[in-house]
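The sequence shown begins at 0 in numbering that gives the first Met the number 0 and counts up one residue at a time.
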Amino acid sequence: MRAKYVLSEVFLGLWRNISMTIAMIITMGVSLAMLGSALLLYNQVQELEEQYQTNLEVVIYMDRDVDEETVEALQSQINQDDLVAEWKYETQDEAWERFQQTFKDSPELIDSVDASVLPSAFRIRMSDITKADELIGKYQESEGVYQITNQKEVLQKVFDVLDGGQKLSLVLAGVQGIAALMLVANTIQVAAFSRRREVAIMKLVGAPNWFVQAPFVLEAVFAGFIGAVLAFATVAAGKVFVIDGKFESVFSLMPPIQWSTVLMLLPILAGIAAVISAVTAWVTLRFNIKV
Numbered sequence: 000m001r002a003k004y005v006l007s008e009v010f011l012g013l014w015r016n017i018s019m020t021i022a023m024i025i026t027m028g029v030s031l032a033m034l035g036s037a038l039l040l041y042n043q044v045q046e047l048e049e050q051y052q053t054n055l056e057v058v059i060y061m062d063r064d065v066d067e068e069t070v071e072a073l074q075s076q077i078n079q080d081d082l083v084a085e086w087k088y089e090t091q092d093e094a095w096e097r098f099q100q101t102f103k104d105s106p107e108l109i110d111s112v113d114a115s116v117l118p119s120a121f122r123i124r125m126s127d128i129t130k131a132d133e134l135i136g137k138y139q140e141s142e143g144v145y146q147i148t149n150q151k152e153v154l155q156k157v158f159d160v161l162d163g164g165q166k167l168s169l170v171l172a173g174v175q176g177i178a179a180l181m182l183v184a185n186t187i188q189v190a191a192f193s194r195r196r197e198v199a200i201m202k203l204v205g206a207p208n209w210f211v212q213a214p215f216v217l218e219a220v221f222a223g224f225i226g227a228v229l230a231f232a233t234v235a236a237g238k239v240f241v242i243d244g245k246f247e248s249v250f251s252l253m254p255p256i257q258w259s260t261v262l263m264l265l266p267i268l269a270g271i272a273a274v275i276s277a278v279t280a281w282v283t284l285r286f287n288i289k290v
């Protein structure tokens with residue numbers, strides 16, 4: 000009987016303040032969607048760093064007119080270097096093939112590049128990529144060397160951009176979250192005020208505080224849960240229509256987002272929404288509403 004009464008009061012309270020309930024759900028959904036996106040981005044950046052850290056190379060580009068003897072001398076030096084784990088010499092023809100494969104989706108770019116301008120190169124995988132500067136210092140003044148590139152430095156800029164995007168998502172999610180909490184608190188205050196007579200009667204007949212407060216807290220939890228479902232649906236739609244859909248080529252360098260990772264967001268977002276909504280509602284009732 001008590002459970003039936005509490006549940007009926009929950010849905011009645013939500014219906015009485017339907018406009019504020021909808022606003023609360025939407026605001027909560029937006030903030031949780033941003034939080035979910037930030038969590039996914041964080042996971043993808045971590046996977047991307049792990050994936051590339053094991054495959055990063057130091058590339059020694061040779062002069063286009065370098066002779067075979069110079070290449071063999073440098074090859075002998077690299078072969079005896081303790082910093083080098085693996086290496087491969089890439090000829091101009093192989094460099095052209097790599098270029099075509101890398102930019103196969105941009106035929107205009109391929110047509111605009113002359114194969115002869117691509118230099119041959121030593122592609123070196125190090126035992127410890129953090130010692131790349133030491134390796135570069137050894138060979139940057141060597142005969143026949145045109146330029147040396149540390150792929151970690153190049154990719155670090157990409158990681159910095161992604162990290163910035165993640166932090167921006169978290170900041171926006173935090174701002175939206177504060178707005179959602181204020182809406183929760185305001186909705187609970189309005190609901191309690193509209194039912195002040197019922198609350199007073201229950202207190203007069205000796206109803207415990209938890210019984211009086213339960214409908215209000217459950218209203219907030221229910222709205223938060225719906226907001227979490229809305230946020231999850233938004234993130235899932237983003238994966239289907241954006242990441243795996245129209246803009247798939249833009250995200251081709253990123254590790255694919257697995258559905259198992261996306262599905263894990265639902266209980267996480269629902270739990271966060273429920274806890275935050277419940278705590279906010281309880282604090283609002285405890286310190287602002289005399290029940």
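C-beta: ideal position from N, C-alpha, C; glycine also. None of the values given here were measured: they were computed from a predicted structure.
For this session: For my contact list, Val183 and Ser276 are in at a C-beta cut-off of 8 Å; report their separation, rounded to the angstrom.
Result: Residue 183 sits at position 184 when you count from the first residue of the sequence shown. Residue 276 sits at position 277 when you count from the first residue of the sequence shown. Confirmed, about 6 Å.
Exercise. For the 8 Å Cβ check, are there 3 or more pairs between the stretch 23-41 and the stretch 279-286?
Worked result: no
Exercise. Buried or exposed: where does Ser36 fall if 16 or more other Cβ atoms within 10 Å of its Cβ makes it buried?
Worked result: Mapped onto the sequence shown, residue 36 falls at position 37. That one is buried.
For this session: Could you check what DSSP says for Gln91 in three-state terms: helix, strand or coil?
Result: Numbered from 1 along the sequence shown, position 92 holds the residue referred to as residue 91. Note: Gln91 maps to helix in three-state DSSP.
Exercise. Can you tell me the Cα-Cα spacing of Val290 and Gln165, whole angstroms?
Worked result: Taking the sequence shown and counting its residues from 1, the one referred to as residue 290 is at position 291. Taking the sequence shown and counting its residues from 1, the one referred to as residue 165 is at position 166. Low per-residue confidence applies at Val290: pLDDT is 46, beneath 50, and the placement is therefore not dependable enough to give any value.
Exercise. In chain order, what residues of the same chain have a beta carbon less than 8 Å from the beta carbon of Ile25, not counting five sequence neighbours either side?
Worked result: Position 26 of the sequence shown, counting from 1, holds the residue named residue 25. Hits under 8 Å: Gly226 and Leu229.
For this session: Closer than 6 Å by C-beta to Ser150: which residues in its own chain qualify, once you throw out the five before and the five after it? Chain order, please.
Result: Mapped onto the sequence shown, residue 150 falls at position 151. The sequence given here has Gln at residue 150, not Ser. Closer than 6 Å at Cβ, skipping near neighbours: Leu55 and Glu56.
For this session: Using beta-carbon positions only, say whether Ile273 and Val234 come within less than 8 Å of one another.
Result: Looking up residue 273 in the sequence shown gives position 274. Looking up residue 234 in the sequence shown gives position 235. First, the residue type needs correcting, since residue 273 is Ala and not Ile in the sequence shown. Cβ atoms of Ala273 and Val234: not closer than 8 Å.
Exercise. Curious, which full-length beta strand (DSSP E) runs of at least 3 residues does the stretch 74-128 contain?
Worked result: 83-89 and 120-125
Exercise. For Ile59, which of helix, strand or coil comes out of DSSP?
Worked result: Here residue 59 refers to the residue found at position 60 when the sequence shown is read from its first residue. Strand.
Exercise. How many angstroms separate the CA atom of Met27 from the CA atom of Gln212?
Worked result: The sequence position of residue 27 within the sequence shown is 28, counting from 1. The sequence position of residue 212 within the sequence shown is 213, counting from 1. Using only the alpha carbons, I get a separation of about 22 Å.
Exercise. Roughly how many angstroms separate the alpha carbons of Asp64 and Ser75, rounded to a whole number?
Worked result: Taking the sequence shown and counting its residues from 1, one reaches residue 64 at position 65. Taking the sequence shown and counting its residues from 1, one reaches residue 75 at position 76. C-alpha separation (whole angstroms): 19 Å.
Problem set entry | Candidates Glu49, Asp104, Ile123 and Val116, of which the one nearest Asn78 by Cα | As a first step, residue 78 must be located in the sequence shown, where it is residue number 79. Checking every option, the nearest Cα to that of Asn78 belongs to Ile123.
For this session: Just the C-alpha distance for Leu73 and Val153, rounded to the nearest angstrom, thanks.
Result: On the sequence shown, residue 73 is found 74 positions in, with the first residue counted as 1. On the sequence shown, residue 153 is found 154 positions in, with the first residue counted as 1. Their Cα atoms are separated by approximately 24 Å.
For this session: Would you identify the three-state DSSP class for Met0, choosing helix, strand or coil?
Result: Residue numbering aside, residue 0 sits at position 1 when the sequence shown is read from its first letter. Only weak support is given to the placement of Met0: the predicted model assigns it a pLDDT of 41, under 50, and the value that follows is read from those uncertain coordinates. Here Met0 sits in coil by DSSP.
Exercise. Roughly how many whole angstroms lie between the Cα atoms of Ile109 and Phe102?
Worked result: Within the sequence shown, numbered from 1, the residue matching residue 109 stands at position 110. Within the sequence shown, numbered from 1, the residue matching residue 102 stands at position 103. The alpha-carbon atoms of Ile109 and Phe102 are separated by roughly 7 Å.
For this session: Since I believe Tyr138 is in contact with Met61 (beta carbons under 8 Å), could you give me their beta-carbon distance rounded to a whole number of angstroms?
Result: The residue given as residue 61 occupies position 62 in the sequence shown. The residue given as residue 138 occupies position 139 in the sequence shown. That pair is no contact at about 11 Å.
Exercise. With respect to the alpha helix (DSSP H) encompassing Ile135, which residues constitute its N-terminal and C-terminal limits?
Worked result: Taking the sequence shown and counting its residues from 1, one reaches residue 135 at position 136. Start and end: Ala131 to Tyr138.
Problem set entry | Three-state secondary structure assigned by DSSP to Gln146 | Counted from its first residue, the sequence shown places residue 146 at position 147. Reduced to three states, the DSSP call for Gln146 is strand.
For this session: Look at the Cβ atom of Trp95, then the Cβ atom of Ala120, and state whether they are nearer than 8 Å.
Result: What you label residue 95 is simply residue 96 of the sequence shown in a count that begins at 1. What you label residue 120 is simply residue 121 of the sequence shown in a count that begins at 1. Taking 8 Å as the Cβ cut-off, Trp95 and Ala120 do not qualify as a contacting pair.
For this session: Pick helix, strand or coil for Pro255, following the three-state DSSP scheme.
Result: As a position in the sequence shown, residue 255 is number 256, starting the count at 1. It is coil, neither helix nor strand.
Exercise. Does the separation of the CB atoms of Val58 and Ile147 fall below 8 Å?
Worked result: Sequence index remark: in the sequence shown, residue 58 carries index 59 (1-based). Sequence index remark: in the sequence shown, residue 147 carries index 148 (1-based). It is a contact, given that the beta carbons lie within the stated cut-off.
Exercise. Under 8 Å between the Cβ atoms of Leu291 and Ser126?
Worked result: In the structure as shown, the chain starts at 0 and stops at 290, and residue 291 therefore has no counterpart that could be examined.
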